[in-house]
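**Q**
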Amino acid sequence: MTKQDLNIFPADAIYLRDVIENLPVGVIIVDREGRVVWMNRWQEHISRVRREQILGSYFHEKWERLFQQGIMSEYWKMLENDTPFNIVVHDIYPQFYDERISAISRGVPLPEHDSFILLHDISSEMQADKKGLERLTRKHEEQTAFLTNLIDSSPNIVITTDEKGRIQSVNRTGETKLECGREQLAGREIGFIFHEGDRRDHLVTASETGRIVEVRCLRRSGGSFPARVQVRDIRDPEGRVQAVLYIIADISREKAMEEKLALSEKLAIYSELMAGIAHQINNPMVGVANFSSLLLDRMDPDDPNREIAETIHEASGRCRTMLASMIKSLREPRSTFHRVDLGEVLGQAVKDLKRDRLTPSVVVSSEIPDGLPPVRGDAIQLLEVYRNLIDNAMEAMPDGGCLTTRALVDPEGRQVVVEICDTGVGIDRGRADCIFEPFFTTKGGAGRGLGLSFAFRVIENHAGRIDVRPADPHGSVFTVALPIMEGWLNEP
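What follows is the structure in C-alpha cells.
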C-alpha cells in the first residue's frame, strides 16, 4: 500500500470516533482505575441505558449485577495485569433489565493511552442456538422420563445387563419383587437373582434360543417366586451386542390358581368318596339312634346306666345330623344355606371343646363381640369346620399352651373373619400349601388328613377363604373369612 493510498482515510480523529460510534458492537473505554471514559451507541442499545448515566462512573459499580453473578473475574485480571480476555456467558441477567441473555465479552489493554477497551455483544444467533438446544434437551429429558415411567409401570421385571451379564438397570417392579434397590443390584452378575439350577439350565436356553422359560427368582429376604423369563440381545446398527434385555413375569398367582384348580379336582373326587362313606355310615347310625332310644324307653329314671344311654343317643343324633348335612352339602353345596350368626356358631364350638377335650394345661380365650353381621351358609357345616380347626390346634399343643379364638369384621366391612390361634409346634412354610389337600397329614399315624380338607371344601362352597400362617413367636393361625350376608342391614 502506497502513501497515496493511506491518504484516502482522513486523519481527523473525529472520523475514527464516528466509525466506533456506529459499530454494531458495544464499546466501552475505561481508564486504569476502571472509570468509564467513553461508550458507543450500540452499547447504549444492548445495555438499555443512556451513556450520560454511565460516563465518569466506575464500570464495576454501574454493572455491579454482572460482578455479583461471578462472571467478571477476567476484568479484574486485565486491570491489574494488562491481560486481555475473551469470554462467552449464558443465562445471565444484565444490569438494567430482567431477561436472561447470552453474551460475548472481550477486553484489550491500550498501553499507550493507559486505558482499556471493552467490547460487548449479545449474539442473537447464539441465543437462538442455545434456546434450540435447550428445547431439544428438555424434549430428550421428557422422553427419557416418559420411557422410564413406562418401564417402571410395567407389571413385569425389566432388567438390562452388559454383554458380560452385569446388571445395568432395573425397573421399580424389579426392586419390589426382588426386595433389592437399584444401587444394590447395579454391577452384579444377573445369575444371582435366579435359583442355582435355573442359572445353569434354563437361562442358557433362553439366551441362546430366545424362548420363554420358567425359572425361580430369589428374593433378598430368602424366599423365591416362580417366573417366566425372556432374554433378548440389544444390538447397534452394526449388529454388535450393546446390552441384554431380561423381561421377567411373576407367575405366582397363575401357579396358585393352577394349584387351587388341582386341589379342587382332588376335592371333587374326595367329596364323592366322602358322600358315599357318609351314606354308608348313616345307615348303621340310624340303628344306633333307634336302639338307644328304645333302650331309654325301657330304663328306669334312676337306672345308673341311663346317663350312658343318653350320651349314646345324643351322640348318634349329632352324627346323623352331621352326616345328613354333609351328604347334602357335598351333592348340593348351597341347598342348606340360610342366615347364620358366626358368633353363636364359634361360641358353640368353644363350648364343645371345654366340655369334651379341654385339658388343664391349655388356656382358652375367646374374643367374640356381640352383634357380628350375619353370613349366609350352613350352620352345621360351619360348626364342624370350627371344631376341626380347634381340634387341630389342640393336637398341636400336647404339652399345653394357649388357644385363642376371635371374630371380627374386616376393615372394608365385607367379611366376617374368624381366627383360631395356638402356641403349638407350628407349621413349616413350605408345607402350608399342602395342608388342605385330602389325606395330607403331619401327625403320622395319628391323623388321616381329612379334617382340614373338609374345612377347605366347606369354606370354598361358602365363597369364603381359609388359610394358615405361622404365629409369632411359635404356633399357627388359621383364618376363615366369609362374605357378609347381602342386605342384612335392611332386615326388619
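Just so you know, the sequence shown maps onto residues 117 to 608 in our numbering.
Even glycine gets a Cβ: it sits at the ideal position worked out from N, Cα and C.
For residue 551 versus residue 543, is the C-beta spacing smaller than 8 angstroms?
**A** When the beta-carbon positions are compared, residue 551 and residue 543 come within less than 8 angstroms of each other.
**Q** For the stretch 279-339, which segments carrying the alpha helix (DSSP H) assignment without a break, of at least 4 residues, lie completely within its bounds, in sequence order?
**A** 288-294, 298-301, 312-316 and 318-325
**Q** Evaluate the contact criterion for the stretch 153-170 versus the stretch 131-143: three or more CB pairs, one atom per stretch, below 8 angstroms.
**A** yes
**Q** Leaving aside the five residues before and after residue 124 along the sequence, list all residues of the same chain whose C-beta is less than 6 angstroms from its C-beta, in chain order.
**A** Confidence in residue 124 is poor, its pLDDT being 39 and thus under 50, which makes the residue's placement too unreliable to answer from.
**Q** Is residue 120 helix, strand or coil when you go by DSSP?
**A** Residue placement at residue 120 is poorly supported in this model, since its pLDDT is 42, which falls under 50; the coordinates are not used for a value here.
**Q** Using alpha carbons as the reference points, say which of 195, 347 and 336 lies closest to residue 234.
**A** 195
**Q** Evaluate the contact criterion for the stretch 511-519 versus the stretch 479-492: three or more CB pairs, one atom per stretch, below 8 angstroms.
**A** yes
**Q** Residues bridged to residue 225 by DSSP?
**A** According to DSSP, residue 225 bridges with 232.
**Q** Judging by CA-CA distance, which residue of 315, 334, 438 and 327 is the nearest neighbour of residue 294?
**A** 334
**Q** State the Cα-Cα distance for the pair residue 459 and residue 488, rounded to the nearest angstrom.
**A** 7 angstroms
**Q** Taking all protein chains shown into account, decide if residue 432 is buried (16 or more other Cβ within 10 angstroms of its Cβ) or exposed.
**A** buried
**Q** Report the option in 538, 352 and 226 whose CA atom is closest to the CA atom of residue 505.
**A** 538
**Q** Which residue's Cα is closest to the Cα of residue 366: 349, 342 and 350?
**A** Answer by Cα proximity: 342.
**Q** Opposite residue 496 in the DSSP bridges: which residues?
**A** DSSP lists no partner for residue 496.
**Q** Taking buried to mean at least 16 other C-beta atoms within 10 Å of its own C-beta, is residue 279 buried or exposed?
**A** exposed
**Q** Could you please give the first and the last residue of the uninterrupted alpha helix (DSSP H) stretch that includes residue 176?
**A** 175-178
**Q** Please go through the same chain and pick out, in chain order, the residues whose beta-carbon is closer than 7 angstroms to the beta-carbon of residue 314, but skip the five residues on each side of it.
**A** In chain order, 331 and 332 place their CB closer than 7 angstroms to the CB of residue 314, counting only its own chain and leaving out the 5 sequence neighbours on each side.
**Q** Assuming residue 575 and residue 466 are in contact, meaning their beta carbons sit under 8 angstroms apart, how far apart are those beta carbons, in whole angstroms?
**A** Contact doesn't hold; Cβ gap of about 19 angstroms is too wide.
**Q** Unbroken beta strand (DSSP E) runs of length 3 or more, entirely within the stretch 154-224: which are they?
**A** Here the runs fully enclosed are 201-208.
**Q** Quick one: what does DSSP say residue 567 is sitting in, helix, strand or coil?
**A** helix
**Q** When the Cβ atoms of the stretch 279-290 are set against those of the stretch 304-314, are three or more pairs found closer than 8 angstroms?
**A** Taking 8 angstroms as the limit for Cβ pairs, the verdict is that the stretch 304-314 does touch the stretch 279-290.
**Q** Whose C-beta lies closer than 6 angstroms to the C-beta of residue 493 among residues of the same chain, with five residues either side of it excluded?
**A** 453, 456 and 578
**Q** Quick one: is residue 531 buried, meaning 16 or more other Cβ sit within 10 Å of its Cβ, or exposed?
**A** Under this definition residue 531 is a buried residue.
**Q** Once DSSP output is grouped into helix, strand and coil, what is the label at residue 148?
**A** Reduced to three states, the DSSP call for residue 148 is coil.
**Q** Using the C-alpha atoms, what's the distance from residue 345 back to residue 534?
**A** A straight-line Cα-Cα distance of about 39 angstroms links residue 534 and residue 345.
**Q** To the nearest whole angstrom, what separates the beta carbons of residue 238 and residue 162, a pair I think is in contact under 8 angstroms?
**A** Indeed they touch by this definition, with Cβ atoms about 5 angstroms apart.
**Q** According to DSSP, is residue 581 helix, strand or coil?
**A** strand
**Q** Take residue 337 and list the residues in its own chain whose beta-carbon comes closer than 8 angstroms to its own, dropping the five residues that flank it on each side.
**A** 295
**Q** Could you check the C-alpha separation between residue 268 and residue 255 for me, to the nearest Å?
**A** 20 angstroms
**Q** Roughly how many angstroms lie between the CA atoms of residue 146 and residue 253, to the nearest whole one?
**A** Taking the Cα positions, residue 146 is about 40 angstroms away from residue 253.
**Q** Using CA coordinates, which residue listed in 496, 507, 364 and 490 is at the minimum distance from residue 475?
**A** 507
**Q** If we ignore side chains and look at the alpha-carbon of each, how far apart do residue 568 and residue 503 end up?
**A** 10 angstroms
**Q** If residue 164 sits next to residue 212, beta carbons under 8 angstroms apart, how far is it from one beta carbon to the other, in whole angstroms?
**A** Between residue 212 and residue 164 the Cβ distance is about 5 angstroms, and since that is below 8 angstroms, they are a contact.
**Q** Could you check how far apart the C-beta atoms of residue 434 and residue 402 are, in whole angstroms? I think they sit under 8 angstroms.
**A** With a Cβ gap of about 14 angstroms, residue 434 and residue 402 do not count as contacting.
**Q** Need the endpoints of the beta strand (DSSP E) that residue 479 sits in, please.
**A** 478-483
**Q** Nearest to residue 604 by CA position, among 264, 275, 529 and 258, is which residue?
**A** Closest option to residue 604, Cα to Cα, is 529.
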